[in-house]
Amino acid sequence: MERAKEHVVIRGYGAISPLGYDVWSTSQSYVNGKPVFTYVQHGGRPTPVATLSAGAESQLQQLVSQNPNYHQLDRSVLLAIFAARQAVIQAGWTYNQSEAREDLAVNVGSSRGATGLTEQHFEAYQQGTLSATASPTTTLGNLSSWVAHAVQAGGAQISHSITCSTALMAIANGVAWLRAGMAQRFLAGGTEAPLTNFTIAQMKAIGIYSTLWDQPFPCQPYGTSGQNTFMLGEGAAVLALEKVPSAQLEKGSVIIEALGFGFEQIKSKTGISAEGLNFQQAMRQAISQLPLHDQSVDVIITHSPGTRAGDKAELSAIQALFQDNIPSITTNKHLLGHTLGSSGALSVQYALHLFEQQSIVYPGYSSILQKRPPHTINRILVNAAGFGGNAASLVLSMI
């Protein structure tokens with residue numbers, strides 16, 4: 350079908366993660382291709398995690414010092430505020446500090462929400478010293494409402510969780526709201542601060558957490574080790590979205606060209622079939638929205654969390670759909686681990702980097718994937734999937 354006369358454009362984006370806190374620092378991390386892991390003692394064993402760099406942590410603490418109310422917020426909320434402010438600035442959306450913009454809506458989600466504060470308040474509850482701030486600071490609604498306060502957004506404020514597909518679902522909401530005319534501008538993304546004892550223990554209980562803490566790459570999507578190499582990272586990414594007529598598109602603009610969703614009946618605790626039926630459905634639906642004369646994809650940024658079952662299922666889905674024309678496949682989880690609800694938005698940030706660099710840095714460990722360097726990178730498909738059998742695919746194109 351023909352392209353619509355209006356397109357949803359990524360006007361700006363903001364992100365903070367173990368890879369960096371601005372365009373330059375994050376881009377350097379991707380170009381270097383070096384993972385940014387450390388390890389903590391958990392359950393008496395060294396456990397690999399991906400925390401913010403010293404520079405990023407300093408930037409986050411500067412944000413906290415700017416508002417006394419920020420001291421009571423969960424780390425996931427602070428990460429979201431940092432990323433959202435950055436996205437608004439890059440988009441050039443100026444705002445009046447005393448007047449909220451009713452045309453600016455927000456949807457920032459999280460898989461786990463206020464994990465750190467929830468654990469702290471529960472410990473206080475067990476000791477009989479529960480604070481009155483426990484309830485208001487641990488609700489999932491904190492995410493979008495505090496982001497809205499930070500950027501003076503007066504439109505709809507949505508917080509949600511659909512596990513690890515959360516960020517892509519937020520972006521999908523943004524596209525839908527803009528196309529429907531229910532907002533003129535939209536901030537969409539995800540945030541996660543899961544490096545807590547209980548959250549790490551939950552992942553270990555599933556039996557997927559990496560034990561390669563002493564290896565250069567503790568997380569190895571599509572690796573040949575035969576092990577599960579899932580590991581947690583923290584971070585947030587937010588996109589500033591706007592609907593633009595075709596005539597006003599500028600060369601180099603990145604548009605959200607298509608969206609697809611998949612779901613399958615769960616047969617295991619992690620909810621994915623060997624064939625990756627949810628991935629197949631999501632990718633097929635997204636590609637079907639592309640122009641009939643050109644449905645090619647240059648690069649796929651996979652969800653690939655470093656688990657044997659999950660990675661294999663997604664690759665099976667790609668092979669079933671693309672057959673003999675499989676695009677270049679890449680991921681960023683070998684560099685920053687799995688950031689759960691924010692992972693999809695951080696994958697979009699990675700896509701923007703690939704558009705800029707026009708090349709892929711392949712990981713430095715043994716992989717089952719064939720290296721297929723793309724000739725050009727003009728269209729990228731981003732995948733995400735979560736517990737419960739859901740999946741989402743997003744197609745980005747550079748004009």
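This note's numbering numbers the first residue of the sequence shown as 350 and each following residue consecutively. From the three backbone atoms N, C-alpha and C, an ideal C-beta is built for every residue, glycine too.
Check: Which residue spans inside the segment 388 to 432 form an unbroken alpha helix (DSSP H) run of at least 4?
Finding: 403 to 414
Checklist line | Nearest-angstrom Cα separation, counted from residue 471 out to residue 660 | finding: The residue you call residue 660 lines up with position 311 of the sequence shown. The residue you call residue 471 lines up with position 122 of the sequence shown. The alpha-carbon atoms of residue 660 and residue 471 are separated by roughly 35 angstroms.
Next item on the list: Return the CA-CA distance between residue 357 and residue 701, expressed in angstroms with no decimal places.
Entry: Taking the sequence shown and counting its residues from 1, the one referred to as residue 357 is at position 8. Taking the sequence shown and counting its residues from 1, the one referred to as residue 701 is at position 352. Going from the Cα of residue 357 to the Cα of residue 701 covers about 15 angstroms.
Checklist line | Span of the beta strand (DSSP E) around residue 593 | finding: What you label residue 593 is simply residue 244 of the sequence shown in a count that begins at 1. Segment 584 to 594, the beta strand (DSSP E) holding residue 593.
Margin query: Only counting the same chain, and skipping five residues up and downstream in sequence, which positions put a Cβ closer than 7 angstroms to that of residue 466?
Written below: For the purposes of this step, residue 466 is identified with residue 117 of the sequence shown, where counting begins at 1. Closer than 7 angstroms at Cβ, skipping near neighbours: 423, 486 and 487.
Checklist line | Identified DSSP bridge partners for residue 535 | finding: Counted from its first residue, the sequence shown places residue 535 at position 186. Paired residue(s): 454 and 590.
Notebook entry, point to check: Using 8 angstroms as the Cβ pair cut-off and three pairs as the minimum, do the segment 548 to 560 and the segment 503 to 514 touch?
Noted result: no
Item checked: Contact belief for residue 693 with residue 367 at Cβ below 8 angstroms, rounded distance in angstroms -> Counting from 1 along the sequence shown, the entry for residue 693 is found at position 344. Counting from 1 along the sequence shown, the entry for residue 367 is found at position 18. The Cβ separation is near 17 angstroms, so there is no contact.
Item checked: Reduced DSSP secondary structure (H/G/I, E/B, other) of residue 474 -> Here residue 474 refers to the residue found at position 125 when the sequence shown is read from its first residue. It is helical.
Margin query: Given a cut-off of 8 angstroms on the beta-carbon distance, is the pair residue 591 and residue 746 in contact?
Written below: On the sequence shown, residue 591 is found 242 positions in, with the first residue counted as 1. On the sequence shown, residue 746 is found 397 positions in, with the first residue counted as 1. No; because the gap between Cβ atoms is not below 8 angstroms, this pair is not in contact.
Margin query: For residue 369, tell me which candidate among 359, 388, 404 and 354 has the shortest Cα-Cα distance.
Written below: Taking the sequence shown and counting its residues from 1, one reaches residue 369 at position 20. Answer by Cα proximity: 404.
Next item on the list: Between the Cα of residue 630 and those of 738, 436, 527 and 437, spot the shortest distance and give me the residue it belongs to.
Entry: Here residue 630 refers to the residue found at position 281 of the sequence shown. Per the Cα distances, 738.
Check: Excluding the five sequence neighbours on either side, which residues of its own chain have a C-beta within less than 6 angstroms of the C-beta of residue 375, listed in chain order?
Finding: Residue mapping note: residue 375 aligns to position 26 of the sequence shown, counting from 1. If we look at residue 375 and ignore the five residues flanking it on each side, its Cβ neighbours are 368 and 369.
Check: Is it right to say residue 350 is buried, meaning 16 or more other beta carbons lie within 10 angstroms of its own, or is it exposed?
Finding: In the sequence shown, residue 350 corresponds to position 1, counting from 1. Summary for residue 350: the model assigns pLDDT 36, below 50, so the residue's position carries little reliability, and this model does not support an answer.
Notebook entry, point to check: Looking at the unbroken beta strand (DSSP E) that takes in residue 742, where does it start and where does it end?
Noted result: Taking the first residue of the sequence shown as position 1, residue 742 is located at position 393. Note, residue 742: beta strand (DSSP E), 739 to 747.
Item checked: Reference residue 742; option with closest CA among 663, 536, 623 and 535 -> Mapped onto the sequence shown, residue 742 falls at position 393. The shortest CA-to-CA distance from residue 742 to any of 663, 536, 623 and 535 is the one to 663.
Next item on the list: Mark residue 394 as exposed unless 16 or more other C-beta atoms lie within 10 angstroms of its C-beta, in which case mark it buried.
Entry: For the purposes of this step, residue 394 is taken as residue 45 along the sequence shown, with counting starting at 1. Its Cβ having fewer than 16 others within 10 Å, residue 394 is exposed.
Item checked: Contacting residues, own chain, Cβ-Cβ under 6 angstroms from residue 412 (five flanking each side not counted) -> Along the sequence shown, read from residue 1 onward, the residue named residue 412 stands at position 63. Listed in chain order, the non-local C-beta contacts of residue 412 below 6 angstroms within the same chain comprise 431, local neighbours out to five positions each way being set aside.
Next item on the list: Write down every uninterrupted run of the alpha helix (DSSP H) in the segment 657 to 717 whose length is 4 residues or greater and which is fully enclosed by it, in chain order.
Entry: 657 to 671, 682 to 685 and 692 to 706
Note to self: Could you compute how far the alpha carbon of residue 642 sits from the alpha carbon of residue 728?
What the structure shows: Start at 1 with the first residue of the sequence shown, and residue 642 comes out as number 293. Start at 1 with the first residue of the sequence shown, and residue 728 comes out as number 379. Distance between the alpha carbons of residue 642 and residue 728: 14 angstroms.
Note to self: For residue 369, report the span of its beta strand (DSSP E) as first-last.
What the structure shows: Working through the sequence shown from its first residue, we reach residue 369 at position 20. Here residue 369 belongs to no beta strand (DSSP E), and DSSP marks it neither H nor E.
Item checked: 7 angstroms Cβ shell around residue 682 - same chain, five flanking residues per side excluded -> Residue numbering aside, residue 682 sits at position 333 when the sequence shown is read from its first letter. Excluding sequence neighbours, residue 682 sits near 568, 570, 653, 654 and 655.
Note to self: If you follow the alpha helix (DSSP H) that residue 731 is in, where does it begin and where does it stop?
What the structure shows: Mapped onto the sequence shown, residue 731 falls at position 382. Looking at the DSSP string, residue 731 is not in any alpha helix (DSSP H); the run it does join, the beta strand (DSSP E), is 728 to 735.
Note to self: By the DSSP assignment, the alpha helix (DSSP H) with residue 555 in it spans what residues?
What the structure shows: As a first step, residue 555 must be located in the sequence shown, where it is residue number 206. 546 to 555 is the extent of the alpha helix (DSSP H) around residue 555.
Checklist line | Nonlocal neighbours in the same chain, by C-beta distance under 6 angstroms from residue 355, ignoring five residues either side | finding: Reading the sequence shown from its first residue, position 6 is the one you call residue 355. If we look at residue 355 and ignore the five residues flanking it on each side, its Cβ neighbours are 592 and 594.
Next item on the list: Leaving aside the five residues before and after residue 452 along the sequence, list all residues of the same chain whose C-beta is less than 7 angstroms from its C-beta, in chain order.
Entry: For this step, residue 452 is matched to residue 103 along the sequence shown. Same-chain partners within the cutoff: 504, 532, 533 and 534.
Checklist line | For residue 502, three-class secondary structure by DSSP | finding: Residue 502 sits at position 153 when you count from the first residue of the sequence shown. In this structure, residue 502 counts as strand in the three-state DSSP scheme.
Check: Any idea if residue 529 is buried or exposed, counting beta-carbon neighbours within 10 angstroms, 16 or more meaning buried?
Finding: As a working note, residue 529 is residue 180 in the sequence shown. By the neighbour-count rule (16 or more Cβ atoms within 10 Å), residue 529 is not buried but exposed.
Check: Given residue 353, which residues of its chain have a CB within under 6 angstroms of its CB, disregarding the five upstream and five downstream residues?
Finding: Taking the sequence shown and counting its residues from 1, the one referred to as residue 353 is at position 4. Any reading at residue 353 is ruled out, since the residue's pLDDT is 48, under 50, leaving its predicted position unreliable.
Notebook entry, point to check: Going straight from the alpha carbon of residue 537 to that of residue 385, what length do you get?
Noted result: Numbered from 1 along the sequence shown, position 188 holds the residue referred to as residue 537. Numbered from 1 along the sequence shown, position 36 holds the residue referred to as residue 385. Taking the straight line joining both Cα atoms gives about 26 angstroms.
Item checked: Test item: CB-CB of residue 691 and residue 548 under 8 angstroms -> In the sequence shown, the residue the question calls residue 691 occupies position 342. In the sequence shown, the residue the question calls residue 548 occupies position 199. Going by C-beta atoms, residue 691 is not nearer than 8 angstroms to residue 548.
Checklist line | Status (buried if at least 16 other CB within 10 Å, exposed otherwise) for residue 362 | finding: As a first step, residue 362 must be located in the sequence shown, where it is residue number 13. Its Cβ being crowded by 16 or more others within 10 Å, residue 362 is buried.
Margin query: At the level of alpha carbons, what is the spacing between residue 615 and residue 597?
Written below: Translated into positions along the sequence shown, residue 615 becomes position 266. Translated into positions along the sequence shown, residue 597 becomes position 248. Roughly 44 angstroms separates the two Cα atoms.
Next item on the list: Mark residue 397 as exposed unless 16 or more other C-beta atoms lie within 10 angstroms of its C-beta, in which case mark it buried.
Entry: Within the sequence shown, residue 397 is the residue found at index 48, counting from 1. Residue 397 sits buried, since 16 or more C-beta atoms from the chains shown fall within 10 Å of its C-beta.
Notebook entry, point to check: Do you know how far the Cα of residue 507 is from the Cα of residue 483?
Noted result: Taking the sequence shown and counting its residues from 1, the one referred to as residue 483 is at position 134. Taking the sequence shown and counting its residues from 1, the one referred to as residue 507 is at position 158. About 21 angstroms.
Next item on the list: List the DSSP bridge partners of residue 358.
Entry: The count along the sequence shown starts at 1 and reaches residue 358 at position 9. According to DSSP, residue 358 bridges with 591 and 604.
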